[in-house]
Structure formats: C-alpha cells, structure tokens
Amino acid sequence: PLVSIQRDSTLYGFGRAVTQTEIDKIDIDVSPSGRGLPQGKGIATEGKKIFEAKCVACHGIGGTGGLGGALVTTNDPKIKKKEKTIGNYWPYATTIFDYVRRAMPFNQPGSLSNQEVYHLTAYLLHANGIIDEKKTIDAQTLPKIEMPNHKAFVPDDRTGGPIIR
Amino acid sequence: PLVSIQRDSTLYGFGRAVTQTEIDKIDIDVSPSGRGLPQGKGIATEGKKIFEAKCVACHGIGGTGGLGGALVTTNDPKIKKKEKTIGNYWPYATTIFDYVRRAMPFNQPGSLSNQEVYHLTAYLLHANGIIDEKKTIDAQTLPKIEMPNHKAFVPDDRTGGPIIR
Amino acid sequence: GMLTTAVAITQSANGQAIQKGLNDEDPTKVTGTLPAEVGTRSPFVKSVKKPSDISSRSPLQDFYGFITPSDLHFERHHGGIPLIDPQKHELIIHGLVEKPLKFSLADLKRFPSVSRIAFLECSGNFRTGKETMTPQEIAGLTSQSEWTGVKLSTLFREVGVKPQAKWFLAEGGDSAVMTRSIPVAKGWEDAIIAYGQNGEPVRPEQGFPFRLFLPGWEGNASVKWLRRIELSDEPFMTREETSKYTEAIKDGKIRMFSFDIDARSIITFPSFPQSIEKGWIEIKGLAWSGRGKVVKVEVSTNAGKTWQIADIQEPVLDKAHVRFRYLWKWNGEETEIMSRVTDETGYTQPTFQQLVEARGSEMGGYHLNPITAWQIKKDGRVLLKPENLRS
Amino acid sequence: GMLTTAVAITQSANGQAIQKGLNDEDPTKVTGTLPAEVGTRSPFVKSVKKPSDISSRSPLQDFYGFITPSDLHFERHHGGIPLIDPQKHELIIHGLVEKPLKFSLADLKRFPSVSRIAFLECSGNFRTGKETMTPQEIAGLTSQSEWTGVKLSTLFREVGVKPQAKWFLAEGGDSAVMTRSIPVAKGWEDAIIAYGQNGEPVRPEQGFPFRLFLPGWEGNASVKWLRRIELSDEPFMTREETSKYTEAIKDGKIRMFSFDIDARSIITFPSFPQSIEKGWIEIKGLAWSGRGKVVKVEVSTNAGKTWQIADIQEPVLDKAHVRFRYLWKWNGEETEIMSRVTDETGYTQPTFQQLVEARGSEMGGYHLNPITAWQIKKDGRVLLKPENLRS
Ligand code: HEC
Ligand code: HEC
Ligand SMILES: [Ca+2]
Ligand SMILES: [Ca+2]
Ligand SMILES: [Ca+2]
Ligand SMILES: [Ca+2]
Ligand SMILES: [Ca+2]
Ligand SMILES: [Ca+2]
Ligand SMILES: [Co+2]
Ligand SMILES: [Co+2]
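Residue numbers (the working numbering), protein chains in the order written: chain F, 17 to 181; chain R, 17 to 181; chain A, 20 to 410; chain Z, 20 to 410.
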C-alpha cells in the first residue's frame, strides 16, 4: 500500500487544551433548540427603531428590499418573482438571531449587543407577520416560534446513479 | 482507452510553408562537418585586435579568465583546479565559431560580422596553442582541426537498473 | 549582476518582478532580464477573473490542463476577504468531544499531511439567458487545485469525538463569520483542513491560513478562514443552509443539505466569443463529478443526435476536473456542439429540460448542471444556446 | 462596490491586487476586501526563490504536495529572460524533412494537445560543502508543473521527418540563442512543445510563448523560447553539449549526451534551518526519476543503518516528483535522517561515496543525485551532513 495504516491510528498530542472561557468567547452560534441564546429579550417596537437606524440603508423601509436584499415578505403584486424572505422562506426563527448577531450590519459586523439583536429579531418576525407587536422574544420563546415555510424543507434525495433529481 | 488512436495518425495541415530565404535568415548553426560555415576567413593576429576591443573585459587579457570565464588553457601552477577551456576541453573547433556568433559578446549578442567571428575563432585556437599564428581559418580548414581533448568524450553509458554509473 | 538589460524589471508591492519592454528589438540581440525571487506573467498575457461585489469567476476558456492557477481560482465571499495574521489565528474544536483543543497553523502542520487534486465548485455556478456568454460567465465558479492539509479525522481522533456527535458546525474567521453544519461522517470520510494550495500556502481568497475542504461538496460548505468546529447532535440551521444553498424542487418542497456536486461538463473550446475555421478542430473542455471519478465524456457535434466518446487526459482523479478532448472535422455547416459526462455512480449529466422535468419549473438556482450547447454559425462564430429559464 | 474595507487593495503594475493591512483589528469585525481580477498572496507569506546572476532556486522546503507554483519555478538562463511578443514569434521546422513549415502560437494551439504533470531539473542541481544549507540551496533547481502543449511527434508527421534524420537541433529565441542536439527518437517518444504551465500560458522564465519539454531529461535540453528545429543526420555539437552539460568520469573520459535524470530524493522537512521537538514528526520530502515512475522511497532515521518504507502520495506519475512522508517518533537523541528512492528500472539513489566510486574522484558536477543526510542535534537543530567534495 502507498500509505501506512499507522498514520490513521496514532494519537499525536499536538494542539493545546482550551478553557471554557476561551470557548465561550467565540461560541456564538444559536441552534433551533435555543442552545446558545443569551440572556435578554426583545420586542418589535424597540427593534423597529434600531432597524431604522442601522439596517434601513441596505434593506429598505420596513425591510422590503435594497442593496442587501429583502427581509420581509411582500404581497406587492407588481413584484412578479417573489424574493425569498424570512416570512416566506426561512424554516427556523433562531437563525435570525444567529445570523444578525454574527454578520450584520454588513459594514459593522459584530457590533450589535445581544439586547439589540433580540429587538431586531422580534421586529423582523413581526414585520413578516409571524408574531404580534407585543410578543416578547427571549431564550424560551424564540425556539418555539413556528415558521410558515418550515414544512417545505426536505433532505437531499439525490443519490447518484442514473436518476436525475 | 482514454485516448483515441486517430489523434496520432491524422495530418492536420496547420502551419504555413516556409521559404528557403526565411530559413536562411535564422539557420545560423555550424556543424562539426563544417555545414553552416559562411564565406570568409580569419587569422589570429586580426582576431587578437577584436578580442582586445570586445572580449577582454569579461574574459581577461589573453582570454585567461574573468567574469565570463577562462577561454584559454593556462599552465599556471598557482591555479589548482584547472578551468575547463577551449584548449583543454572542447572537442570540436566548429563550436567556437557557432557559439561566438550566436551568443557573444554577452552584452551585444548577435552583433559580430562573420568576418569578425572567423578572426576571433582563429585567435582563440591560436591562444590555446592549437594552431599557428599564421594559419588561415575558413569553411574548409576549421572542420579539419583536431581538438586536443576530442578523444575523451564518450556517449552516456547509464541505463537505469541497479548499476550506479 | 553583470547582465545589461533592455527590458526593465520593476518590483511590485509584493516583491514580484514585472517584465516590461522598452523597445521591440529582436530578442536574440538583447540580453534578457535577470532571474528573480518571484516569477512574472508575460505582459502579453491578459487573462483575468470576472469580479462582482460577491464573487469572481475563473476564465475557464483560457485554461490548459486541469490545474487552476491559484491567483485565478474563483472567489465567492459573504463578507469579503479577511486579512488574517496566521500567528493570531487558531482553530478551536469543542462541543461533543472528550477533550476540546485549539490548534495553531504550526500545530496543524505537525500532523501527518495529505495532498489531493480536487475541484471546488460553488453550487450557484450556473448562468444562462443570452447567446453572448463565455464559459467564464456560464460556469466560472469552479476551479481546481492541489490541496494539502491534515485530515479532519486525525483531529477528530485527537479531540475524541463522542458517538452522539452527528453534525459539526464549521465557522470561519471572516466578517460573515461563515457557518455551515456538516455531517460528522464527512469529517471521518475525506474532509481535510487545508493549508496548502498548489504547492504554496492557501491564498487569502481561498481561506488563508487554512480552510475546511470537503471534496466533491458544494463550495460554500468548505468554510474558509476556519476558526471553530463544534460537534453537535443536530445541525445548527444556519442562514447559509436555510435561507441560502437550498433549492426549490417539485411540489413546493425545498431541498436542504444538498451537498454533493452533480456531474457536469462544459466545452471551453470552441466557445463564445471565439470563432473557428473549416477543418480539424480539437474540441476541449472540463468535466467533473462530486460523487467520484469521471468515467466517460461524450461529445455531440450534431445538436445531440449522436454522441461520440471524447479522450480524457490521465490521471483521472476522484472528485476532480478532467480535461477532455475530441477531434472534429468541421465541414462549414451550421450545427450545435455539446458535451455530457458520466460518473462512476452511473449518473449522466442531464439537459436543462430534464432538470426542469425532475425538479419542476420553479426549481431553484443551485445545483444546476445542465449540458451546455454551443451554436456554430456558418461564418465560424460560436454562440451559446441559452436555456429558457422561465417558460 | 458596497463593501467598505479596512484593508487597502492596491493594484500592482500587472493588475494584481495586493492585500495590505491598515490595522490589526479582529477580522470578523471588519468587512473584508472585494473579489478581484487576480488573486493575491498573503502579505504574511514570505517564500521566494534564491536568485543568482544565472539561476534562481525553488524554495523546496516551503512547498506542499507536488506542484510548484509557477512563479516559484526554478530558473536557469544563459542569456537572461527575453521579452517575446507572441505575435512576432514563430517555430520553424526544417532540415531533413519533406516539407519545412513555420508555426505561430495560434497554429500550435490548433493541434491536438496533451497535458502531463512532470518535473524539470537542471542537471547541475547539486550543492554541498557546509552544514548550514537549505534544501533550496542543495537542490532548488528542480520544480514540477502541469505542462500542456502539442506532441512533437504530431509536428514531425506534419513536416514529414525523413528516415535519415537521427538528431534535431532545438534553438531558442533568447539572447543566448540556446541550442541543443536531441535524438529524433525522443521527439517521437514523448517530447512536447509546451505552451501551457499549471493551467496558464508558460511563464517568461520558463519559455513563453512556448518551449521544448523533454520529460525526464536534463533541464537545459528542454530549450525555452523555441524558435527553430532542424532535423539532421548527426548532432551539432553545440557549446552546451560539449563545453557544458558534459561530465568527467573515470579514466579521463567525459560523458556527453547524458540526458536522463537519475532517480533522486531529498527530505525537505525537517531540514536546515528548522528545528524539531521530541515526539511524532512527519518527515516529508520529494522523490523523482527521469527514467519513469518512483516505486519506492525509503527513509533511515539511524544514519543509514536500517531503512523503512515511506508513504507515497498518489497519483504516482511517470517522470514526476512524488511527495513522500514518513512518521517518526524522535526520542531526543542525536542521529542522522536521510531518504533514498528506487525507480521502476530498479535503480536506487546512491550515496555520494558510491558516485565517487563509480565516476572517479575527478567526477564532474552534473547529474549528481546523492542521498542527502540531515544531522539531528540533541537540541533539535537540523544541519546538513555535507559531502567531502574533493578528498
Ligand atoms: C451596508 C449594507 C447593510 C446593512 C447596513 C445591513 N445589511 Fe443586512 N445584508 C446586507 C447584505 C449585502 C446581505 C447579504 C450578505 C451575503 O452576501 O451573504 C445582508 C443580509 C442580511 C440578512 C439575510 C437575508 C437573507 O435572505 O438571507 C438579514 C436577516 C439581514 N441582512 C439583516 C440586517 C439587519 C438586522 C441589519 C441592521 C442591524 C442589517 N442587515 C444591516 C447588507 C446590509
Ligand atoms: C559582458 C561580458 C562578456 C563579453 C563582453 C564577452 N563575453 Fe564571452 N562570455 C560571457 C559569459 C557570461 C559567458 C557564459 C555564458 C553562459 O552563461 O552560458 C561567456 C562565454 C563565452 C564562451 C564559452 C566559454 C565556455 O567555456 O563555454 C566563449 C567562447 C566566449 N564567451 C567568447 C567571447 C568572445 C569571443 C567575446 C568577444 C567577441 C566575448 N566572449 C565577449 C561574458 C562575456
Ligand atoms: Ca455552540
Ligand atoms: Ca543548419
Ligand atoms: Ca459557494
Ligand atoms: Ca447528499
Ligand atoms: Ca539547466
Ligand atoms: Ca541517455
Ligand atoms: Co446544495
Ligand atoms: Co547531462
């Protein structure tokens, strides 16, 4: 054989132990289960203010579109091919929190406080008609939100072989 | 097979016919048989003058060494490891004409006239003690010159396999 | 140096020597430029990527063989190219593991390494719509390199991945903090943490100092500038695997975690805007499959009526571009030429129509791998035969 | 573009984007640079060739896998690098042929093409003499690319090479008007006229717009910037095959036309000036043979007393560098490590002493392929074990 088996069975011992504190500093992901959500809570009315200050330039008034794309489902009949948005496409509400916190605003990524992200998440859910204006979003309530398009998602069924899928 | 046979049997017809005039313009090589030698002749005394004007800066007085290397065999006992030179190494005299015409002087390659190259060839042969100062070098005489080290050259005898050669 | 030169050598900001002609003399009569620390590209060569704000497409029509020059490798970023000091960058592996660990670039390089030549393709790599499109515009989001790195399985053994771990999150150190959920099985199978690309350190655009590399899988999943891997029992449902990189199929369904790149090929010569002359023509192109080796490339020179086997350049590697070639004598008549590949699973590249039939007319824009047809006009012009995207 | 960047992009003279840091912020908090027409090398990567007036050596110790980045391919010129306008450059084939022809670059590209990954090595590629030498200094005149071009046999058929033709002169368009005589048999066997290198046009340093490429043969014979091929019944005895590229062997004899590159290998890690730590070490290096495929690389970690089989990275190609790797657990004791390769002819790389025995103590400086040994010191320093050149 061109490659010995030893390579794939040895333990090498390189790398260093990492502390929980070090992990916590960059472990920013949020799962559908709610794992990873921080303390705090948000409401749409507060979120609207932040959105108008920090997001509207790229995503338009009410999040209905711009250079950064539409975030809000529009029923505008003039728009022929519907843009995929949170309201009509996203399967999990936790993804909003995760993504906005890690990547937005595009020109100042990583600049929002957890508090701001909660408010923005509530705002985007409300603007998409998913939650009530007064609903409080937090680590308990966010994972429970049923997204309208959730059921559309199916796993990949392509397998190779002669069948085109 | 991953490659079809057709590729290596077809005639494609690309490229254009080339005239003898076009060939002659760049066919500057000179063979041991003398093929390729132009009209003209040279003598060492004339070559010495040209050498001192155009070559001495890099090859030293009398061609005994410099930035461009030694061209003339020296018997200087102070020089421990003998440099390979025309006199002690080169197997064919025609190579001098061919090489000097194509490549020298290093900083003005291709600038010498055939006449100059004949003179320089005569000079370098004389400086290496191979010909007489008065010998005329031309298309007939140059190929006939026996170089001192000619017999040392043997074809490659390495064949692969276990033997180190 | 002792050489006098009639061509000027300028040093660019990154120390690369640039050859610039000062005159147009016979080059045999002008001593040339000196050897340098870094080589140059000829000033007569103009082959560049086609950039937008978010991607840059490889000039497939200009390539020879199957290696993509590293500086012409396609780009797709979601937050631009970060500037990373390798001394300050680490990979942390944690979550469902016995022993969370962090690795510097130097640590990763101490492990046993592996190299493989493999393609990387963005699953959004398809454009059509007009006759005047080049291979670069149609399919320029695929490239191939020799990748070198440590197997992810080696690191999995070091941290002791727990049996409950079924997915892992791969997270980048760019401004998008790019994240994708990957089945742990791919980590055990053939994933590598790549720090080498075509013999040199991975380029910034491709993830310097190191990236995840998942052979045969859609490019976005091979997270660049990797900083963290978290082992988990479930996928994380990140924005990139829900809002993006999912595709509508029939019956209102949306396919997710569609990682494998389906087999595809494209003729890169002749292609728009080239034109051809009557007589022998070597049709050339690239073919690949994310599911294994290419076993066959066929070419049709009569608009798909009949197909002939093309030559394939060896070596044919797993999950790698191959260069195919087919000798054709053009008689000057109008026709259409096209290629289709078959991979080792027995999958044959479909037509666009077959994709529409399989996925529905509302099908999404990812994982589109249709046969590309080129129209040959009487005067030798070559034009794309565009697909009717929405009929 | 909509991206605001905290890293500056400068355009170099050849249009290459250069990444330059303006601050040292967390890269996840700074939008990165835009995709570009041509990629960059990280400003943190400093790996360059080692130039002299006549050559420039590849940094072998920095390479991964088996591809050499084109701009780090070794250089060896006899009259500098010419600046050639491909529109003005032609290849003329004449002499003992039925039909002399001239070919432009465009003509050559119309013929059927072939690609192969193969090494190119200068037969003068050996230095020794002191402990503080790097692989680049010892053996940096070897590199590997994927070469693409037309087979010389294809052109031989076009011009109709006559049966009396036994040799051909290959002549370059540089200021040395480089010439070598090559047996016609090599032209029929596997010689190519290469215009592609690692996917892009051949670089100026390697012969742009095209060069002769003779797989497995000493680099000088693969004449760059090729402008003329003359078929003949005898060799031309040019300066490069008489005064140069010939080597003294026993009994006052001088070997000429010694084209084949003998099998060779070198450990590139660990090597000077690196140093190692106790524990597992992946010994890595390159091995090759001009006579065919590498079949075996052995490594000794006890100064040559015993030898172990190293792993070889697939694919193993004909007349190509292979990457070998060997896992070693260093116990902290002083020792010597070395590698030796065996090729498919059954030839095993010799020691320097074996070369001296075979060729005599006055042996010439070409085609030296001895085993390279590295001394490992107690403190982990790695030093070359130099050869005693003249004893
Ligand atoms: C400077 C422009 C800009 C600003 C300001 C900005 N965004 Fe964005 N946003 C973008 C761009 C560009 C993308 C797409 C990024 C990519 O390529 O992946 C995006 C993507 C998104 C998405 C994902 C859309 C989808 O369908 O996948 C969300 C959600 C979002 N932004 C929310 C916000 C919020 C909330 C703010 C303010 C706190 C904000 N953005 C501010 C430019 C901006
Ligand atoms: C500017 C420096 C320079 C000048 C002037 C120069 N040479 Fe040279 N010469 C060189 C160099 C450098 C080489 C080696 C070239 C190479 O790398 O292959 C050389 C090589 C040679 C050789 C081959 C030596 C060998 O052993 O292979 C000959 C013969 C020669 N020169 C003759 C001449 C003659 C005759 C002239 C004048 C007409 C001349 N040179 C002028 C620099 C020069
Ligand atoms: Ca987490
Ligand atoms: Ca001739
Ligand atoms: Ca992608
Ligand atoms: Ca799948
Ligand atoms: Ca050489
Ligand atoms: Ca031989
Ligand atoms: Co997908
Ligand atoms: Co030789």
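We treat Cβ as the ideally placed atom computed from N, Cα and C, and that holds for glycine.
Which chain B residues sit within Cβ distance under 9 Å of A:E177? Absent from the structure is chain B; the protein chains it does hold are F, R, A and Z.
Find out if the Cβ-Cβ distance for the pair A:P369, A:I285 is shorter than 8 Å. no
Find the residues of chain F that neighbour A:A204, judging by a C-beta separation of less than 8 Å, and give them in chain order. Per Cβ cutoff of 8 Å: no residues; A:A204 is ~14 Å from chain F at best.
Less than 8 Å between the CB atoms is what I'm expecting for Z:P334 and A:P334, so what's the real figure, rounded? 4 Å
Report yes or no: is there a C-beta of chain R within less than 8 Å of the C-beta of A:G298? yes
With DSSP collapsed to three states, give me the class of A:K396. coil
Got a sec: is the Cβ-Cβ distance from A:D359 to anything in chain F below 8 Å? According to the sequence displayed, residue 359 of chain A carries Arg and not Asp. Closer than 8 Å: no.
Within 8 Å of chain A by C-beta, residues of the segment 41-69 of chain Z in sequence order: D43, P46, T47, K48, V49, T50, G51, T52, L53, P54, A55, E56, V57, G58, T59, R60, S61, P62, F63, V64, S66, V67, K68, K69
Taking the beta carbon of Z:N125 as the centre, do at least 16 other beta carbons fall within 10 Å, making it buried, or is it exposed? Sequence check: residue 125 of chain Z is Ala here, not Asn. Classification of Z:A125: exposed, given that the 10 Å Cβ count is below 16.
Decide if A:R199 is buried, meaning its Cβ has at least 16 other Cβ atoms within 10 Å, or exposed. buried
So does R:M120 have its beta carbon nearer than 7 Å to some heavy atom of ligand 2? yes
Can you list, in chain order, the stretches of the beta strand (DSSP E) that have 3 or more residues and sit fully within the segment 133-206 of chain Z? 133-140, 161-170, 186-191, 198-202
Check the Cβ-Cβ distances between F:G176 and every residue of chain A, and say whether any is below 8 Å. yes
By the DSSP assignment, the alpha helix (DSSP H) with R:K41 in it spans what residues? 36-42
Got a sec: which bits of the segment 153-169 of chain R sit with their beta carbon under 7 Å from any beta carbon on chain A, in order along the chain? none
Name the residue from F:T175, F:F169, F:G176, F:I179 whose alpha carbon lies nearest to the alpha carbon of A:G271. F:F169
Nearer than 7 Å: is that true of the beta carbon of Z:S268 relative to any heavy atom of ligand 2? What sits at residue 268 of chain Z in the sequence shown is Ile, not Ser. Outside the cutoff, so no.
Assess, as a yes-or-no matter, whether the segment 154-174 of chain F is touched by the segment 40-57 of chain F under the definition of 3 or more beta carbon pairs within less than 8 Å. yes
Per DSSP, which one or two residues make a beta bridge with A:P70? A:S75
Z:R222 touches chain A at which residues, Cβ-Cβ below 8 Å? G58, T59, R60, S61
Using the Cβ count rule (16 or more neighbours within 10 Å means buried), how would you classify A:Q106? exposed
What are the boundary residues of the beta strand (DSSP E) that includes F:I112? F:I112 -> not in any beta strand (DSSP E); alpha helix (DSSP H) instead, spanning 110-119.
Taking 6 Å as the limit, name every residue whose beta carbon sits nearer than that to some heavy atom of ligand 4, in sequence order. R:D43, R:D45, R:G52, Z:E249
From A:L305 to Z:N350, what does the alpha carbon distance come to, in whole angstroms? 49 Å
Pick helix, strand or coil for R:E62, following the three-state DSSP scheme. helix
Short Cβ contact (8 Å threshold) for A:I211 with A:L171: yes
Mind listing the chain A neighbours of R:F122? Cutoff is C-beta to C-beta under 7 Å, in chain order. T50
What do you reckon, is the C-beta of R:G85 under 7 Å from a heavy atom of ligand 2? yes
Do Z:Y345 and Z:D330 come within 8 Å of each other at the CB atom, strictly closer than that value? yes
Which residues in chain Z sit within 8 Å of R:P125, going by Cβ to Cβ distance? G98, S194, A195, V196
Any beta carbon of chain R sitting closer than 8 Å to that of Z:R274? yes
Rounded to whole angstroms, what is the Cα-Cα separation between A:Q293 and A:K65? 15 Å
Under 7 Å Cβ-Cβ, which residues of chain A neighbour Z:T87? G218
For R:I21, three-class secondary structure by DSSP: helix
Figure out for me which residue from F:A155, F:T101, F:S127, F:I112 has the closest Cα to the Cα of F:L136. F:I112
Supposed close pair A:I268, A:G379 - CB separation, criterion 8 Å: 6 Å
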